[in-house]
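Colleague: I am attaching a structure below and will ask some questions about it afterwards.
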Amino acid sequence: MIVQQRRSAYNIQPKNLAYCHHPYQYYRTVTDFIKRFVDQTLLKAFKIIENMGELTFDERSGVTTRKLGYFGNDWPTCGSFNTRNGLESVINEMESWNALSALKDWMFHVTFIGLRYKHTVEVCTYQVLWSVPTPAYPEPQVTVSVYFHIAQTRVYPPQFPVDVTYVFEGHHVSHSLNMIFRPKWLYDILDMKTMMFKTFNF
Numbered sequence: 512m513i514v515q516q517r518r519s520a521y522n523i524q525p526k527n528l529a530y531c532h533h534p535y536q537y538y539r540t541v542t543d544f545i546k547r548f549v550d551q552t553l554l555k556a557f558k559i560i561e562n563m564g565e566l567t568f569d570e571r572s573g574v575t576t577r578k579l580g581y582f583g584n585d586w587p588t589c590g591s592f593n594t595r596n597g598l599e600s601v602i603n604e605m606e607s608w609n610a611l612s613a614l615k616d617w618m619f620h621v622t623f624i625g626l627r628y629k630h631t632v633e634v635c636t637y638q639v640l641w642s643v644p645t646p647a648y649p650e651p652q653v654t655v656s657v658y659f660h661i662a663q664t665r666v667y668p669p670q671f672p673v674d675v676t677y678v679f680e681g682h683h684v685s686h687s688l689n690m691i692f693r694p695k696w697l698y699d700i701l702d703m704k705t706m707m708f709k710t711f712n713f
């Protein structure tokens with residue numbers, strides 16, 4: 512008795528490959544299908560990365576950066592990120608905020624808070640302290656904090672951009688760099704804390 516191999520949708524191959532317009536139109540085995548699928552997915556992912564901000568390499572520092580966010584500032588990639596250049600990138604982003612006419616009288620200070628690990632991801636946290644000094648109060652009584660979280664992983668390719676989000680104090684909503692920054696967000700917190708400060712009796 513001759514046992515015939517059962518035909519599968521995965522091992523049907525057309526006689527003339529010239530008529531195949533799609534890379535998944537024919538497969539010899541399930542393994543072949545999976546390999547083709549993974550290869551095509553990776554190629555598409557790399558194309559997305561290439562279009563995600565301009566990639567530059569600084570020969571002096573050896574740091575690769577990408578332009579990210581609404582202001583288009585340079586941020587280190589996953590392969591080049593460290594706490595020092597992360598601090599510099601947050602400062603550059605804050606200078607872009609400070610250049611807005613609504614925040615020209617404000618001042619800020621950036622501090623590295625800490626590093627935590629979550630599986631294969633490292634998350635660095637920075638605190639940005641904003642205030643509005645005045646001649647009457649050169650040392651402001653009320654400040655506003657913004658917390659930046661920069662996540663990078665060694666699993667992704669070195670040229671992959673870091674994931675940057677920020678949260679305002681007293682809020683749980685995370686903002687991405689691609690969102691348009693509104694100075695009103697800082698003013699709302701400052702006004703609320705100023706009203707609370709005035710109710711305290713020292």
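Counted the way my numbering counts, the sequence shown spans residues 512 to 713. Heads up, the beta-carbon is just placed ideally off N, CA and C, and yes, glycines get one too. Quick caveat: nothing in here was measured; it's all calculated off a predicted structure.
Do you know how far the Cα of LYS629 is from the Cα of ASP592?
Modeller: Residue numbering aside, residue 592 sits at position 81 when the sequence shown is read from its first letter. Residue numbering aside, residue 629 sits at position 118 when the sequence shown is read from its first letter. Correcting the residue type first, residue 592 is Phe in the shown sequence and not Asp. So the alpha carbons of these two residues sit roughly 17 Å apart.
Colleague: If you follow the beta strand (DSSP E) that LEU637 is part of, which residue opens it and which one closes it?
Modeller: Counting from one through the sequence shown, the residue named residue 637 turns up at place 126. Per the sequence shown, the amino acid found at residue 637 is Tyr instead of Leu. First-last of the beta strand (DSSP E) with TYR637: 632-642.
Colleague: How many Å lie between GLY590 and SER600 at the Cα?
Modeller: Position 79 of the sequence shown, counted from the start, is the residue given in the question as residue 590. Position 89 of the sequence shown, counted from the start, is the residue given in the question as residue 600. Straight-line Cα distance between these residues: approximately 15 Å.
Colleague: Which of the three DSSP states is assigned to LYS546 in this structure?
Modeller: By one-based count along the sequence shown, residue 546 stands at place 35. If DSSP states are grouped into helix, strand and coil, LYS546 belongs with the helices.
Colleague: For THR588 versus ARG577, is the C-beta spacing smaller than 8 Å?
Modeller: Translated into the one-based positions of the sequence shown, residue 588 becomes position 77. Translated into the one-based positions of the sequence shown, residue 577 becomes position 66. Contact: yes.
Colleague: Anyone know if the C-beta pair for THR636 and PHE619 falls short of 8 Å?
Modeller: Counting from one through the sequence shown, the residue named residue 636 turns up at place 125. Counting from one through the sequence shown, the residue named residue 619 turns up at place 108. Not a contact, by the Cβ cut-off of 8 Å.
Colleague: For the alpha helix (DSSP H) containing SER600, list its first residue and its last residue.
Modeller: Translated into positions along the sequence shown, residue 600 becomes position 89. Element bounds for SER600: 594-609.
Colleague: Please state whether DSSP places PRO672 in a helix, a strand or coil.
Modeller: Translated into the one-based positions of the sequence shown, residue 672 becomes position 161. Of the three classes helix, strand and coil, the one that applies to PRO672 here is strand, per DSSP.
Colleague: Whole angstroms is fine: what's the gap from ASN522's alpha carbon to VAL549's?
Modeller: Here the question's residue 522 lines up with position 11 in the sequence shown. Here the question's residue 549 lines up with position 38 in the sequence shown. Because the pLDDT at ASN522 is just 42, under 50, the model does not fix this residue reliably, and the value given afterwards should be weighed accordingly. Using only the alpha carbons, I get a separation of about 18 Å.
Colleague: Pick helix, strand or coil for PHE692, following the three-state DSSP scheme.
Modeller: Taking the sequence shown and counting its residues from 1, the one referred to as residue 692 is at position 181. In this structure, PHE692 counts as coil in the three-state DSSP scheme.
Colleague: Which same chain residues end up closer than 7 Å to GLN583 when comparing Cβ atoms and leaving out the 5 residues on each side of it in sequence?
Modeller: To locate residue 583, count along the sequence shown from 1; it is residue 72. Sequence inspection shows Gly at residue 583; the Gln mentioned does not correspond to that position. Taken in chain order, the list of residues that qualify is empty.
Colleague: Output the distance between the C-alpha atoms of VAL634 and SER687, rounded to the nearest integer angstrom.
Modeller: What you label residue 634 is simply residue 123 of the sequence shown in a count that begins at 1. What you label residue 687 is simply residue 176 of the sequence shown in a count that begins at 1. Those two C-alpha atoms are separated by around 15 Å.
Colleague: How many angstroms separate the CA atom of PRO669 from the CA atom of LYS709?
Modeller: The residue given as residue 669 occupies position 158 in the sequence shown. The residue given as residue 709 occupies position 198 in the sequence shown. Each residue's alpha carbon lies about 50 Å from the other.
Colleague: Candidates MET605, SER572, ARG571, THR567: which alpha carbon is nearest VAL657's?
Modeller: Stepping through the sequence shown from its first residue, residue 657 is reached at position 146. Closest by alpha carbon: MET605.
Colleague: For ASP674, which residues from the same chain have a beta carbon less than 6 Å from its beta carbon, with the 5 sequence-adjacent residues on both sides left out?
Modeller: By one-based count along the sequence shown, residue 674 stands at place 163. Once the five neighbours on either side are set aside, the close Cβ partners of ASP674 are ALA662.
Colleague: Are the CB atoms of PHE692 and TRP608 nearer to each other than 8 Å?
Modeller: Locating residue 692 in the sequence shown gives position 181, where the first residue counts as 1. Locating residue 608 in the sequence shown gives position 97, where the first residue counts as 1. In contact: PHE692 and TRP608 (Cβ atoms closer than 8 Å).
Colleague: Residues in its own chain within less than 6 Å of VAL632 by CB, not counting five upstream and five downstream?
Modeller: Here the question's residue 632 lines up with position 121 in the sequence shown. These residues qualify, in order along the chain: ALA662, THR664.
Colleague: Smallest Cα separation from PRO694: which of SER612, SER572, ILE602?
Modeller: Against the sequence shown, residue 694 aligns to sequence position 183. With distances taken between Cα atoms, PRO694 lies closest to SER612.
Colleague: Apply the 10 Å Cβ neighbour rule to VAL684 and answer buried if 16 or more other Cβ atoms are within range, or exposed otherwise.
Modeller: Here residue 684 refers to the residue found at position 173 of the sequence shown. Exposed, since its Cβ has fewer than 16 Cβ neighbours within 10 Å.
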